[in-house]
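So the structure is just underneath, and the comments pick up after that.
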Amino acid sequence: MATASIVRCTKCAKNAGTVACEGCSAKFCPRCFNNHRQHLSKELDNIVYEHDILKQELEKPSEDETHPLLRQIDNWRKESIDKINQLADRCHTDVVKLIGDNKNQLADAFRKLTNTIRDGRSEEDYDERHLNMWITQLKELKDNLIKLSNVHVEVDKQQPSWIQKIIVRKDSHQQKEVKDSKL
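Quick look at the structure:
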């Protein structure tokens, strides 16, 4: 005599397990099957909700300044500008000091020239050679006052760049994963 196998509900273990779910291969009684479908419906609602949120994000304008990558670039810009400003301030201070030192040296040279000219005038001890020499010295002093002939501002090409260059790179590994997921 053949015995009939009894199919039980996987949830409540009742004998009335007559409905099979194709997705999970479980067998349910009608009441548990309805509960199972309600649970699946709630999960679908959650998926649709997440889908809608992602859709909104994708439809936003891409000029969103709050993106972490854009903030990273802005931070790099600020730090680099701060470094440039600090170095420029130090160089500016150095040049101001050199200008002051140069003025002091020029003032000393000017006083000596003034005394020489006064002495020549008061003693009437001068000729064309003296006049030409004094005018040349005055012109040199004036030129040196305007332009520091022994000071230059230049780029130190032997030092490595102290501002790190940034680049934007798209990983090819990530591209492959995106392509594979579309297959």
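Just so you know, the sequence shown maps onto residues 1 to 183 in the UniProt record's numbering. The beta carbon of each residue, even a glycine, is placed where N, CA and C say it ideally should be.
Exposed or buried, which one is residue i when buried takes at least 16 other CB atoms within 10 Å?
{"i": "Cys24", "result": "exposed"}
{"i": "Cys91", "result": "exposed"}
{"i": "Cys9", "result": "buried"}
{"i": "Cys12", "result": "exposed"}
{"i": "Lys182", "result": "Confidence at Lys182 is low in this model, with a pLDDT of 41, below 50, so its placement is unreliable and the value that follows should be read with caution. Burial call: exposed."}
{"i": "Met1", "result": "For Met1, the predicted model reports a pLDDT of 49, less than 50, meaning its position is unreliable; a value from the coordinates is still stated below. Classification of Met1: exposed, given that the 10 Å Cβ count is below 16."}
{"i": "Lys179", "result": "Legend: pLDDT at Lys179 = 47, less than 50; position of this residue unreliable, no value from coordinates given."}
If you drop the 5 nearest sequence neighbours on each side, which residues of the same chain put their C-beta closer than 6 Å to that of residue i?
{"i": "Trp162", "result": "none"}
{"i": "Phe33", "result": "Val19"}
{"i": "Thr116", "result": "none"}
{"i": "Met133", "result": "none"}
{"i": "Asn102", "result": "Leu148"}
Taking the DSSP output, what are the residues bridged to residue i?
{"i": "Val96", "result": "Paired residue(s): none; Val96 is not in a bridge."}
{"i": "Lys14", "result": "BP columns for Lys14 are empty, so no partner."}
{"i": "Phe28", "result": "Val19"}
If residue i sits next to residue j, beta carbons under 8 Å apart, how far is it from one beta carbon to the other, in whole angstroms?
{"i": "Leu145", "j": "Leu106", "result": "6 Å"}
{"i": "Cys21", "j": "His36", "result": "6 Å"}
{"i": "Leu87", "j": "Val151", "result": "Not quite, the Cβ-Cβ distance comes to about 17 Å (not below 8 Å), so this is no contact."}
{"i": "Leu113", "j": "Leu138", "result": "7 Å"}
{"i": "Val48", "j": "Lys27", "result": "Actually they do not touch by this definition, with Cβ atoms about 28 Å apart."}
{"i": "Ile73", "j": "Ile166", "result": "7 Å"}
Output needed for residue i: all residues of its chain with C-beta closer than 7 Å, excluding positions within five of it in sequence on either side, in chain order.
{"i": "residue 190", "result": "Because the chain here runs from 1 to 183, residue 190 falls outside it and cannot be looked at."}
{"i": "Ala109", "result": "Leu141"}
{"i": "Tyr126", "result": "Gly120"}
{"i": "Asn15", "result": "Ile6 and Arg8"}
{"i": "residue 269", "result": "The first residue shown for the chain is 1 and the last is 183, placing residue 269 beyond what the model contains."}
- [ ] Note down, one range per segment and in chain order, each alpha helix (DSSP H) of at least 4 residues found wholly within the stretch 96 to 172.
- [x] Taken in chain order, the unbroken stretches of alpha helix (DSSP H) that lie wholly in the stretch 96 to 172 and span 4 residues or more are 128 to 146.
- [ ] Give, in chain order, every unbroken run of the alpha helix (DSSP H) that is at least 4 residues long and sits entirely within the stretch 49 to 95.
- [x] Segments of the alpha helix (DSSP H) lying fully in the stretch 49 to 95: there are none.
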